[in-house]
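Participant: Before we start, here is the structure in question, set down as structure tokens.
Protein chains: 2
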Amino acid sequence: MDIRALTFDVFGTVVDWRNSIAREVAAVAQKKGVKLDPHEFADAWRNLYQPAMERVRTGGRGFVKLDVLHRENLEELLPKFGLGGLSEAERDDLNRAWHRLDPWPDVVEGLTRLKKKFILATLSNGNVALMVNMAKRAGLPWDTILGAEVARAYKPQPQAYNSAVDMLGLKPEQVALVAAHNGDLVAASKCGLRTCFVLRPDEHGPKQKTDTKAEHKFDYVATSFIDLADKLGA
Amino acid sequence: MDIRALTFDVFGTVVDWRNSIAREVAAVAQKKGVKLDPHEFADAWRNLYQPAMERVRTGGRGFVKLDVLHRENLEELLPKFGLGGLSEAERDDLNRAWHRLDPWPDVVEGLTRLKKKFILATLSNGNVALMVNMAKRAGLPWDTILGAEVARAYKPQPQAYNSAVDMLGLKPEQVALVAAHNGDLVAASKCGLRTCFVLRPDEHGPKQKTDTKAEHKFDYVATSFIDLADKLGA
Numbered sequence: 124m125d126i127r128a129l130t131f132d133v134f135g136t137v138v139d140w141r142n143s144i145a146r147e148v149a150a151v152a153q154k155k156g157v158k159l160d161p162h163e164f165a166d167a168w169r170n171l172y173q174p175a176m177e178r179v180r181t182g183g184r185g186f187v188k189l190d191v192l193h194r195e196n197l198e199e200l201l202p203k204f205g206l207g208g209l210s211e212a213e214r215d216d217l218n219r220a221w222h223r224l225d226p227w228p229d230v231v232e233g234l235t236r237l238k239k240k241f242i243l244a245t246l247s248n249g250n251v252a253l254m255v256n257m258a259k260r261a262g263l264p265w266d267t268i269l270g271a272e273v274a275r276a277y278k279p280q281p282q283a284y285n286s287a288v289d290m291l292g293l294k295p296e297q298v299a300l301v302a303a304h305n306g307d308l309v310a311a312s313k314c315g316l317r318t319c320f321v322l323r324p325d326e327h328g329p330k331q332k333t334d335t336k337a338e339h340k341f342d343y344v345a346t347s348f349i350d351l352a353d354k355l356g357a
Numbered sequence: 124m125d126i127r128a129l130t131f132d133v134f135g136t137v138v139d140w141r142n143s144i145a146r147e148v149a150a151v152a153q154k155k156g157v158k159l160d161p162h163e164f165a166d167a168w169r170n171l172y173q174p175a176m177e178r179v180r181t182g183g184r185g186f187v188k189l190d191v192l193h194r195e196n197l198e199e200l201l202p203k204f205g206l207g208g209l210s211e212a213e214r215d216d217l218n219r220a221w222h223r224l225d226p227w228p229d230v231v232e233g234l235t236r237l238k239k240k241f242i243l244a245t246l247s248n249g250n251v252a253l254m255v256n257m258a259k260r261a262g263l264p265w266d267t268i269l270g271a272e273v274a275r276a277y278k279p280q281p282q283a284y285n286s287a288v289d290m291l292g293l294k295p296e297q298v299a300l301v302a303a304h305n306g307d308l309v310a311a312s313k314c315g316l317r318t319c320f321v322l323r324p325d326e327h328g329p330k331q332k333t334d335t336k337a338e339h340k341f342d343y344v345a346t347s348f349i350d351l352a353d354k355l356g357a
């Protein structure tokens, strides 16, 4: 294999969105004196994610960046959790919690090693500003930000993967997707990319039922970014 | 001023394209036993740059990335300089000389300091792969690659600047363009961006007549990226 670039799914694969969002929501709830289960809020917010992108994928609306979808979904959730009284500035700040997600503990060390051997790019449905702000805060050493906003298509649409390959100036087989989600990797594989499954058994909390193992024959299967660096000789 | 992100013109501002291209062409000419003036070749190649982009800007052809324009222009030049016998692989490699340009001596130190305080993004007419490969080789610590390919518009078209501002999720006045070219900065300023002129008096060699000084009232005027870091308190 002649892999030159690693592209990364981000939510769940690189960062722990569930605990990070719960942390931010808990702080807001405490400030407002509202009682809620912050992990339930995080799950509810994330549950609106795929349906919102699906409207864009199916042409029900033109491309809009994920910050906009997150905000629309937040508006729907706030009154249900007793947070309907948040000001515009508070809503905007809470929406930017997605820019402040924490990486899994192995990520920065693993990426730092992988960067010496490979081009590292995001291939996320998150928009550019979200990815840039997250990386600055968390110390994620991306060479560049690719993905939905640049491709103007949400994964798993082929255009999202094909656009990244084209912009990197490489052949599909010279680009690998690193992801904790079987479906994302299968879609990338159909576009000719190499595949690296990294297990994230806690992404959805203690009761996680999906993506608890590699369900297909991927090129690499790893338990962390450090394990992936070992397996890729980086 | 509340500048959050610095965006950079690259050819001439960050890297010394003229001496770098001359170095690569001289090596090819020597290998082929051809006598030529490598700086004359570099200038001739660069002279075809604006007219090639102008056809895209005016709608004479759809957007194509700069690697393609460079290659078309190279095909035109090679026979004129006695290098018409280059193989496909040799032409491809010489075209990628633009991916291997050297930074000016102050650049890496200046960017490293600036990165602690600001988001750093390219805002170049060079395509993503060109920018990524250049950065890997030269150690340019960009947070992300923006510019013509992502915007699908060549500077100085407003869309090139507006797209970068939009993708960074900032207001125009929170984004500055750093450039050694008066015209680029004037165009950015018309889109509401802040402006930083950095003098590069040797970009076009010893006889340089253009951009030998800041010709307008820019927000910052500096003699190097280190000087710029000083002036921006980074």
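In order, the protein sequence lines correspond to chains U and W. Residue numbering for the first sequence is 124 to 357, as defined by our numbering. Residue numbering for the second sequence is 124 to 357, as defined by our numbering. All C-beta atoms, glycine included, are put in the ideal place defined by N, C-alpha and C. In this text the structure is predicted, and so the values were computed from the model without any measurement.
(1) Going along chain W in order, which residues have a C-beta closer than 9 Å to the C-beta of Met290(U)?
(2) Between His162(U) and the rest of its own chain, which residues show a CB-CB distance below 7 Å, the 5 nearest in sequence each way excluded?
(3) Against Ile242(W), what residues of chain U qualify as contacts under a CB-to-CB distance less than 7 Å, listed in chain order?
(4) Would you report the Cα separation of Leu237(W) and Gly205(U), rounded to the nearest angstrom?
(5) How would you label Met124(W), buried or exposed, when you count the other beta carbons within 10 angstroms and need 16 or more for buried?
(6) Taking the alpha carbon of Phe341(W) as the point to measure from, which residue in Leu351(W), Thr333(W), Leu246(W) has its own alpha carbon closest?
(7) Quick check for students: name the residue ranges of the beta strand (DSSP E) that lie wholly in the stretch 325-352 of chain W, counting only runs of 3 or more.
(8) Report the three-state DSSP secondary structure of Arg317(U) (helix, strand or coil).
(9) Could you round the C-beta distance between Pro324(U) and Gly306(U) to whole angstroms and report it? I think they count as a contact, below 8 Å.
(10) Between the alpha carbons of Gly185(W) and Leu293(U), how many angstroms are there, rounded?
(11) Just reading off the beta strand (DSSP E) that Ile268(W) is part of, what are its end residues?
(12) With DSSP collapsed to three states, give me the class of Thr136(U).
(13) Which residues bound the beta strand (DSSP E) around Ala302(W)?
(14) So, at 6 Å on beta carbons, what are the nonlocal neighbours of Gly135(U) in its own chain, with the 5 sequence-adjacent residues on each side left out?
(15) Considering only the alpha carbon of each residue, which of Ala276(U), Ala220(U), Thr245(U), Trp227(U) lies closest to Val148(U)?
(16) How is Ile242(U) classed by DSSP in three states: helix, strand or coil?
(17) Quick one: give me the first and last residue of the beta strand (DSSP E) that Phe131(U) is part of.
(18) Could you give the distance in angstroms between the alpha-carbon of Val309(W) and the alpha-carbon of Ser286(U)?
(19) Assuming contact is defined by CB atoms lying nearer than 8 Å, are Leu234(U) and Leu243(U) in contact in what I supplied?
(20) Using beta-carbon positions only, say whether Pro228(U) and Leu263(U) come within less than 8 Å of one another.
(21) Rounded to a whole number of angstroms, what is the C-alpha to C-alpha distance between Asp160(U) and Arg178(W)?
(22) With a CB to CB cut of under 8 Å and the five nearest residues on each side skipped, what residues in its chain are close to Leu201(U)?
(23) Can you tell me which residues form a DSSP beta bridge with Pro174(U)?
(24) So Ala337(U) and Ile126(U) are in contact, right, with Cβ under 8 Å, and what is the actual spacing, rounded?
(25) Run through DSSP, which three-state label would Pro226(U) get?
(26) Can you tell me where the alpha helix (DSSP H) holding Pro281(W) begins and where it ends?
(27) If I follow the unbroken alpha helix (DSSP H) through Asn196(U), where does it start and stop?
(28) What are the partner residues of Ser247(U), as DSSP defines its beta bridges?
(29) Exposed or buried, Ala276(U), counting other C-beta atoms within 10 Å across all chains shown (16 or more means buried)?
(30) By a C-beta neighbour count over all protein chains shown, 10 Å radius and 16 as the cutoff for buried, is Lys188(U) buried or exposed?
(31) Along the chain, where does the alpha helix (DSSP H) that runs through Ala212(W) open and close?
(32) Using a Cβ-Cβ cut-off of 6 Å (strictly less than) and excluding sequence neighbours within five positions of Leu192(U), which residues of its own chain qualify?
(33) Do the CB positions of Cys319(W) and Tyr343(W) come within less than 8 Å of each other?
(34) Quick one: Cα of Glu198(U) to Cα of Gln297(W), how far?
Facilitator: The relevant details are as follows:
(1) Locating residue 290(U) in the first sequence gives position 167, counting from the first residue. Chain order gives the chain W residues near Met290(U) as Lys188, Asn250, Val251, Ala252, Val255, Ile268, Glu272, Val273, where near means a beta carbon separation below 9 Å.
(2) Taking the first residue of the first sequence as position 1, residue 162(U) is located at position 39. Around His162(U): Arg141, Ala145, Gly328.
(3) On the second sequence, position 119 is the one that residue 242(W) refers to. Simply Val255, Lys259.
(4) What you label residue 237(W) is simply residue 114 of the second sequence in a count that begins at 1. What you label residue 205(U) is simply residue 82 of the first sequence in a count that begins at 1. Their backbone Cα atoms lie some 43 Å apart in a straight line.
(5) The residue given as residue 124(W) occupies position 1 in the second sequence. With fewer than 16 Cβ atoms within 10 Å of its Cβ, Met124(W) is classed as exposed.
(6) Against the second sequence, residue 341(W) aligns to sequence position 218. In terms of Cα proximity to Phe341(W), the closest of Leu351(W), Thr333(W), Leu246(W) is Leu351(W).
(7) As far as the stretch 325-352 of chain W is concerned, its whole beta strand (DSSP E) runs of at least 3 residues are 343-345.
(8) Numbered from its first residue, the first sequence carries residue 317(U) at position 194. Three-state DSSP puts Arg317(U) in a strand.
(9) Here the question's residue 324(U) lines up with position 201 in the first sequence. Here the question's residue 306(U) lines up with position 183 in the first sequence. Their Cβ separation, rounded to whole angstroms, is 17 Å, which puts Pro324(U) and Gly306(U) out of contact at 8 Å.
(10) Within the second sequence, numbered from 1, the residue matching residue 185(W) stands at position 62. Within the first sequence, numbered from 1, the residue matching residue 293(U) stands at position 170. C-alpha separation (whole angstroms): 22 Å.
(11) Residue mapping note: residue 268(W) aligns to position 145 of the second sequence, counting from 1. Looking at the DSSP string, the run of the beta strand (DSSP E) that includes Ile268(W) is 267-270.
(12) For the purposes of this step, residue 136(U) is taken as the residue at position 13 of the first sequence. If DSSP states are grouped into helix, strand and coil, Thr136(U) belongs with coil.
(13) Within the second sequence, numbered from 1, the residue matching residue 302(W) stands at position 179. Judged by DSSP secondary structure, Ala302(W) falls within the beta strand (DSSP E) whose first and last residues are 298-302.
(14) Working through the first sequence from its first residue, we reach residue 135(U) at position 12. Result list for Gly135(U): Ala303, Arg323, Glu326, in chain order.
(15) One-based indexing of the first sequence puts residue 148(U) at position 25. It is Ala220(U).
(16) Position 119 of the first sequence, counting from 1, holds the residue named residue 242(U). Note: Ile242(U) maps to strand in three-state DSSP.
(17) Taking the first residue of the first sequence as 1, we reach residue 131(U) at position 8. Start and end: 128-131.
(18) As a working note, residue 309(W) is residue 186 in the second sequence. As a working note, residue 286(U) is residue 163 in the first sequence. In a straight line, the C-alpha of Val309(W) is about 32 Å away from that of Ser286(U).
(19) For the purposes of this step, residue 234(U) is taken as residue 111 along the first sequence, with counting starting at 1. For the purposes of this step, residue 243(U) is taken as residue 120 along the first sequence, with counting starting at 1. With contacts defined by Cβ atoms closer than 8 Å, Leu234(U) and Leu243(U) form a contacting pair.
(20) The residue labelled residue 228(U) in the question sits at position 105 within the first sequence. The residue labelled residue 263(U) in the question sits at position 140 within the first sequence. The Cβ atoms of Pro228(U) and Leu263(U) lie no closer than 8 Å to each other.
(21) As a working note, residue 160(U) is residue 37 in the first sequence. As a working note, residue 178(W) is residue 55 in the second sequence. When rounded, the distance between both Cα atoms is 58 Å.
(22) Position 78 of the first sequence, counted from the start, is the residue given in the question as residue 201(U). Answer for Leu201(U): Gly207, Leu209, Arg214, listed in chain order.
(23) In the first sequence, counting from the first residue as 1, residue 174(U) sits at position 51. DSSP lists no beta-bridge partner residue for Pro174(U).
(24) Within the first sequence, residue 337(U) is the residue found at index 214, counting from 1. Within the first sequence, residue 126(U) is the residue found at index 3, counting from 1. Wrong, their Cβ atoms sit about 18 Å apart, outside the cutoff.
(25) Position 103 of the first sequence, counted from the first residue, corresponds to residue 226(U). Three-state result, Pro226(U): strand.
(26) Indexing the second sequence from 1 puts residue 281(W) at position 158. Start and end: 281-291.
(27) Here residue 196(U) is taken as the residue at index 73 of the first sequence, counted from 1. Run containing Asn196(U): 189-200, per the alpha helix (DSSP H) assignment.
(28) Reading the first sequence from its first residue, position 124 is the one you call residue 247(U). Within the DSSP secondary-structure output, Ser247(U) pairs in a beta bridge with Gly270(U).
(29) Translated into positions along the first sequence, residue 276(U) becomes position 153. By the neighbour-count definition (other C-beta atoms within 10 Å, threshold 16), Ala276(U) is a buried residue.
(30) For the purposes of this step, residue 188(U) is identified with residue 65 of the first sequence, where counting begins at 1. Buried is the call here.
(31) Here the question's residue 212(W) lines up with position 89 in the second sequence. Counting along the chain, the alpha helix (DSSP H) containing Ala212(W) begins and ends at 211-218.
(32) Along the first sequence, read from residue 1 onward, the residue named residue 192(U) stands at position 69. The residues are Ala175.
(33) Taking the second sequence and counting its residues from 1, the one referred to as residue 319(W) is at position 196. Taking the second sequence and counting its residues from 1, the one referred to as residue 343(W) is at position 220. For Cys319(W) and Tyr343(W), yes; Cβs fall inside 8 Å.
(34) By one-based count along the first sequence, residue 198(U) stands at place 75. By one-based count along the second sequence, residue 297(W) stands at place 174. Glu198(U) and Gln297(W): Cα-Cα distance of roughly 27 Å.
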